[in-house]
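Trainee:
In my numbering, the protein residues as written are 5 to 397.
#1: How many angstroms separate the CA atom of residue 210 from the CA atom of residue 282?
#2: May I ask which residues mark the beginning and end of the alpha helix (DSSP H) holding residue 363?
#3: Give a yes or no on whether the C-beta atoms belonging to residue 307 and residue 279 are separated by under 8 angstroms.
#4: If residue 252 sits next to residue 222, beta carbons under 8 angstroms apart, how far is it from one beta carbon to the other, in whole angstroms?
#5: Following the continuous alpha helix (DSSP H) through residue 219, name the residue where it begins and the one where it ends.
#6: Find out if the Cβ-Cβ distance for the pair residue 71, residue 86 is shorter than 8 angstroms.
#7: So the candidates are 220, 240 and 104; which of them puts its Cα closest to the Cα of residue 229?
#8: For residue 76, count neighbouring Cβ atoms within 10 angstroms of its own Cβ and tell me buried if that reaches 16, exposed if not.
#9: Per DSSP, what kind of secondary structure is residue 327 in: helix, strand or coil?
#10: Just the Cα atoms here: how many angstroms apart are residue 219 and residue 247?
#11: What would DSSP say about residue 254, mapped onto helix, strand or coil?
#12: Looking only at its own chain, which residues have a Cβ that is under 6 angstroms from the Cβ of residue 92, when we skip the five neighbours before and after it?
#13: Could you tell me the boundaries of the alpha helix (DSSP H) in which residue 140 lies?
#14: In whole angstroms, what separates the C-alpha of residue 123 from that of residue 327?
#15: Within the continuous alpha helix (DSSP H) that includes residue 309, where are the two ends?
#16: Where do the N-terminal and C-terminal ends of the alpha helix (DSSP H) with residue 353 fall, by residue?
#17: Can you give me the C-alpha to C-alpha distance between residue 334 and residue 273, rounded to a whole angstrom?
#18: Can you give me the C-alpha to C-alpha distance between residue 174 and residue 10, rounded to a whole angstrom?
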């Protein structure tokens, strides 16, 4: 006759093979014998909806039983459910108490989560000193996620040499192969924040993180290929990486894939695909994508020319901070595209856009004979550099 450990192993084997129903039968049989690990696994099954209908309340019930049986992993999962009110009434204090209990037992992930709760004031008063202490405890146990959390808190709070500890924490986690730490350290080397600027190291770190399918790292690496930073310009490689990041949900990458299809840089021109990617990025909150959609409708690229839709899209993008969209509204009033010509309204939009730093708007004001001396030197210099270009270039 198999003992409980053997049956548990058999149940886990069935889980890995995708036979959740057979695994569930084993876990239920063991749960009737008060085997905490079996109760915990039933909680996982109900939480994820594997082999059973997803049911957070039942997941919480089984986690509660497993926690009562001494499982700190169950305490952590149950704490998170109380924190967010999943299957139970939201109770951040109870979440904190459960997490504290698991952390007091030395469970590294609970220590890190308790640090997050102290840092953000979830179920307790905000206390960054306590947050750092719990992060450090988890780091000492080798948890790379805690190293990243501690590094971020140090970078947020500290000035000068004290920030060096953050780079050390990230370096150790990056050496251990933790992708998010590689990505964050890459950003430090790229910007020269805390460490000397080193584009080659940034490129190497982004590459390692991108190989782990981290979308932000894929996006940063694509930008380096596109701009020729640390490597020769390779638009085809940049497009490949932008596409991978876009498929993984990075909004900026989705926008750049749209730009590539619109302009034919790194890939053949395909206005239909450009519009699709712009819409996806727009849904993700990219005001630049909304602006470019407006430009597609205004000029009839890949879709019928529609000034009314273009104006609405420019308006939305402008409200969300796109200076180019504001400038484009000025263009429509200057040219009378879908609206009555109004130099006064055009000037108003151009000035609003210029104040946001748009060189195209400054150039249009200059062409109108308006004084542009009040706009910053940097904007004026960019205007001089871009003089003669259309807004779509």
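We treat Cβ as the ideally placed atom computed from N, Cα and C, and that holds for glycine.
Mentor: Inspection of the coordinates gives the following:
#1: As a position in the chain shown, residue 210 is number 206, starting the count at 1. As a position in the chain shown, residue 282 is number 278, starting the count at 1. The straight-line gap from Cα to Cα measures roughly 25 angstroms.
#2: Mapped onto the chain shown, residue 363 falls at position 359. Bounds of the alpha helix (DSSP H) holding residue 363 are 363-371.
#3: The residue you call residue 307 lines up with position 303 of the chain shown. The residue you call residue 279 lines up with position 275 of the chain shown. One thing to note: residue 307 has its Cβ within 8 angstroms of the Cβ of residue 279.
#4: What you label residue 252 is simply residue 248 of the chain shown in a count that begins at 1. What you label residue 222 is simply residue 218 of the chain shown in a count that begins at 1. That belief holds up - the Cβ atoms of residue 252 and residue 222 are roughly 7 angstroms apart, short of 8 angstroms.
#5: Taking the chain shown and counting its residues from 1, one reaches residue 219 at position 215. For residue 219, the enclosing alpha helix (DSSP H) has its first and last residue at 219-231.
#6: For the purposes of this step, residue 71 is identified with residue 67 of the chain shown, where counting begins at 1. For the purposes of this step, residue 86 is identified with residue 82 of the chain shown, where counting begins at 1. Taking a C-beta distance under 8 angstroms as the contact criterion, residue 71 and residue 86 do not qualify as a contact pair.
#7: By 1-based counting over the chain shown, the position of residue 229 is 225. Checking every option, the nearest Cα to that of residue 229 belongs to 240.
#8: Counting from 1 along the chain shown, the entry for residue 76 is found at position 72. With 16 or more other Cβ atoms within 10 Å, it is buried.
#9: Here the question's residue 327 lines up with position 323 in the chain shown. The three-state secondary structure of residue 327, taken from DSSP, is helix.
#10: Taking the first residue of the chain shown as position 1, residue 219 is located at position 215. Taking the first residue of the chain shown as position 1, residue 247 is located at position 243. So the alpha carbons of these two residues sit roughly 10 angstroms apart.
#11: What you label residue 254 is simply residue 250 of the chain shown in a count that begins at 1. DSSP places residue 254 in coil when its eight states are reduced to three.
#12: In the chain shown, counting from the first residue as 1, residue 92 sits at position 88. Once the five neighbours on either side are set aside, the close Cβ partners of residue 92 are 64, 85 and 86.
#13: Within the chain shown, numbered from 1, the residue matching residue 140 stands at position 136. In the DSSP assignment, residue 140 falls within the alpha helix (DSSP H) that extends over 132-144.
#14: Taking the first residue of the chain shown as 1, we reach residue 123 at position 119. Taking the first residue of the chain shown as 1, we reach residue 327 at position 323. Distance from the CA atom of residue 123 to the CA atom of residue 327, rounded to whole angstroms, is 36 angstroms.
#15: Mapped onto the chain shown, residue 309 falls at position 305. For residue 309, there is no enclosing alpha helix (DSSP H), as DSSP marks it with neither H nor E.
#16: By 1-based counting over the chain shown, the position of residue 353 is 349. Residue 353 -> alpha helix (DSSP H) spans 347-359.
#17: Taking the first residue of the chain shown as position 1, residue 334 is located at position 330. Taking the first residue of the chain shown as position 1, residue 273 is located at position 269. If you take the alpha carbons of residue 334 and residue 273, they lie about 28 angstroms apart.
#18: Along the chain shown, read from residue 1 onward, the residue named residue 174 stands at position 170. Along the chain shown, read from residue 1 onward, the residue named residue 10 stands at position 6. Residue 174 and residue 10: Cα-Cα distance of roughly 40 angstroms.
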